[in-house]
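With the working numbering as the guide, the letters of the sequence shown map in order to residues 2 to 357. Idealized CB from N, CA, C, for every residue including glycine. Structure, as structure tokens:
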Amino acid sequence: MSKKPIILGIESSCDETAVSIITENKESTPIILSNIVSSQVEVHKEFGGVVPELAARSHIEKIDLIAKKALEESGVRLEDLDAIAATAGPGLIVCLSVGLSFGKAMASSLGKPFIAVNHLEGHALSPKLNSDLNYPYLLLLISGGHSQFLSVEGLGKYKRLGTTIDDAIGEAFDKTAKMLGIEFPGGPQIEIFAKKGNPNKYELPRPILNKGGCNLSFAGLKTAVLRIAKQIKTDQEKYDLAASFQSTIEEILYKKSKVAFKEFKNINKDGNTFVVAGGVAANKKIREVLKKLCEEKNFKAIFPPINLCGDNAAMIAMVGLEKFKLNQFDNLDFPAKPRWSLDENAIFLKGAGVKL
Ligand code: KG4
Ligand code: ZN
């Protein structure tokens, strides 16, 4: 039996420094040997958002320790690694550069292949770490920086069906949290507040709900939340606003996913798998609503495990593993790409004047 590949993945695109080592068993099911994630929440808390220079400095301080820990935990020796995969974009350039340079240096000093990974492809493939997942599938990618529906046709083959025309959904969660006085990053806390509130207390706008295909918009919702948040006095009102905000998001995602199902079926007649990935996919209410939609429409719902929804390096190593098996390697001059779309043919859909 030929030796199974062992891949080391590195992630540093935003505020998580992460290194993971994965391999696969003889049935080609991926196995995570180690998955170390060091979050910088404490570094950025007082600023209410990620400060790029501080994030980069923190990556530099930690990356070698995190890599050492990942190696120790996995029991893998450096010489046993088959390839080094690192996130090359999209993300903050000063942050990307740290993990990317570290990965290239490792690959070069070990004489192993180097693989540049698109962070969004990491999210897209993250459910492969715990589920049987075959192409094609419909992907809803919901994170701090992205909200998109994509038809995933194969490794590196994406067709964007819809995207946000303004804010990302995670951004809407974080900004709502900030308006309610919750510390950054507030998304997970909104979910906790929402459990204690009345989702019907406040009527909030659902921008472009009945037009624009499966494109999304959250800016109007955010403005409405701000207006109400300014008048709020009691904790119960805060819980009610969090619950109303979350249920509005649930309705938007339910309806827009329904539209996306149709568009996906138009290009993949037999496709019936719906993957929801990215940080916001950790939200249990959103999972429930989208699972219900899948039951209604005969789609199979697949989510990554909660701990692999947010940024991590196991998903980067997962892309590395797939690319390794296809001999898709990159040169050491591969640049960091702050913007890097999964569907290079998709048109830019942001800002004033967008026509839907
Ligand atoms: O994928 P991710 O870790 O980073 C990006 O690539 O952007 O996503 C982070 C986002 C943040 O906006 C965070 O508030 C949101 O995911 N998030 C949540 C939950 N957990 C994380 N939003 C809603 N509910 C949650 N439980
Ligand atoms: Zn991410």
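Going by alpha carbons, who is nearest to residue i out of the options?
i, options, result
"Leu359", "Asn26, Ser13, Ala106 and Leu97", "There is simply no residue 359 to check, as the chain begins at 2 and stops at 357 in what is shown."
"Asp16", "Ile22, Arg58 and Ala302", "Arg58"
"Leu333", "Glu323, Asn269, Lys176 and Phe103", "Phe103"
"Leu142", "Asp133, Leu156, Lys179 and Gly163", "Gly163"
"Phe330", "Thr249, Leu97 and Ile116", "Ile116"
"Gln237", "Glu184, Arg340 and Gly198", "Gly198"
"Phe300", "Asn313, Arg288, Gly272 and Ala283", "Gly272"
"Gly50", "Tyr240, Arg340 and Pro186", "Pro186"
"Asp83", "Asn26, Leu9 and Ser21", "Leu9"
"Glu251", "Val99, Lys239 and Leu210", "Leu210"
"Asn269", "Leu309, Lys239, Leu151 and Ser3", "Leu151"
"Ile191", "Val290, Leu97, Ile37 and Asp241", "Asp241"
"Leu140", "Ser132, Ala318 and Glu154", "Glu154"
"Ser40", "Ala337, Phe335 and Asn308", "Asn308"
"Glu12", "Glu25, Ala71, Ser29 and Tyr203", "Ala71"
"Gly171", "Leu134, Leu254 and Lys69", "Leu254"
"Glu28", "Ser3, Asn36 and Ser21", "Ser3"
"Ala347", "Lys158, Asn328, Lys293 and Arg228", "Lys158"
"Leu350", "Pro137, Gln149 and Pro339", "Gln149"
"Leu181", "Asn201, Glu204 and Ser245", "Ser245"
"Trp341", "Leu93, Val42 and Asp81", "Leu93"
Quick one: what does DSSP say residue i is sitting in, helix, strand or coil?
i, result
"Met2", "Only weak support is given to the placement of Met2: the predicted model assigns it a pLDDT of 49, under 50, and the value that follows is read from those uncertain coordinates. Met2 falls in the coil class under three-state DSSP."
"Arg58", "helix"
"Ile11", "strand"
"Glu17", "strand"
"Ile33", "strand"
"Ile348", "coil"
"Ala282", "helix"
"Lys338", "coil"
"Phe150", "strand"
"Asp167", "coil"
"Ser248", "helix"
"Asp331", "strand"
"Leu343", "coil"
"Leu134", "coil"
"Glu25", "strand"
"Ser218", "coil"
"Leu66", "helix"
"Ala116", "In the sequence as presented, Ala is not what sits at residue 116; that position holds Ile. Note: Ile116 maps to strand in three-state DSSP."
"Val260", "helix"
"Val77", "coil"
"Leu1", "What the structure shows of the chain is the stretch from 2 to 357, and residue 1 is not part of that stretch, so it cannot be assessed."
"Leu210", "coil"
"Leu309", "helix"
"Leu162", "strand"
Along the chain, where does the alpha helix (DSSP H) containing residue i start, and where does it finish?
i, result
"Ile233", "Per DSSP, Ile233 belongs to no alpha helix (DSSP H) and is neither H nor E."
"Lys292", "Lys285 to Lys298"
"Leu142", "Element bounds for Leu142: not the alpha helix (DSSP H) but the beta strand (DSSP E), Tyr138 to Ile143."
"Ala173", "Ile170 to Met180"
"Gly157", "That residue, Gly157, is in no alpha helix (DSSP H); it is neither H nor E in DSSP."
"Gly123", "His120 to Leu126"
"Val44", "Val42 to His45"
Over the uninterrupted beta strand (DSSP E) stretch that includes residue i, give me the two end residues.
i, result
"Gln190", "Segment Gly188 to Lys196 is the alpha helix (DSSP H) holding Gln190; no beta strand (DSSP E) there."
"Ile94", "Note, Ile94: premise wrong, no beta strand (DSSP E); alpha helix (DSSP H) at Ile94 to Leu111."
"Ala318", "Not the beta strand (DSSP E): Ala318 falls in the alpha helix (DSSP H), residues Ala315 to Lys326."
"Val51", "Per DSSP, Val51 belongs to no beta strand (DSSP E) and is neither H nor E."
"Val277", "Thr274 to Ala278"
"Lys301", "Lys301 to Ile303"
"Gly90", "Ala84 to Gly90"
I'd like to check one pair, residue j with residue i: are the Cβ atoms closer than 8 Å?
i, j, result
"Ala108", "Asp168", "no"
"Leu55", "His45", "yes"
"Lys257", "Leu217", "yes"
"Cys295", "Phe275", "yes"
"Ile85", "Lys113", "yes"
"Gly214", "Val260", "yes"
"Gly321", "Val118", "yes"
"Pro31", "Leu130", "yes"
"Thr366", "Val226", "In the structure displayed, the chain extends from 2 to 357; residue 366 sits before or after that span and is not available."
"Ala19", "Ala283", "no"
"Gly123", "Ile64", "no"
"Pro128", "Phe304", "yes"
"Ala173", "Leu222", "yes"
"Lys231", "Phe194", "no"
"Glu323", "Leu156", "yes"
"Val95", "Ile22", "no"
"Phe262", "Lys298", "yes"
"Ser248", "Pro200", "yes"
Any heavy atom of ligand 4 nearer than 5 Å to the CB - residues listed: For ligand 4, the structure offers nothing, since it holds only ligand 1 and ligand 2.
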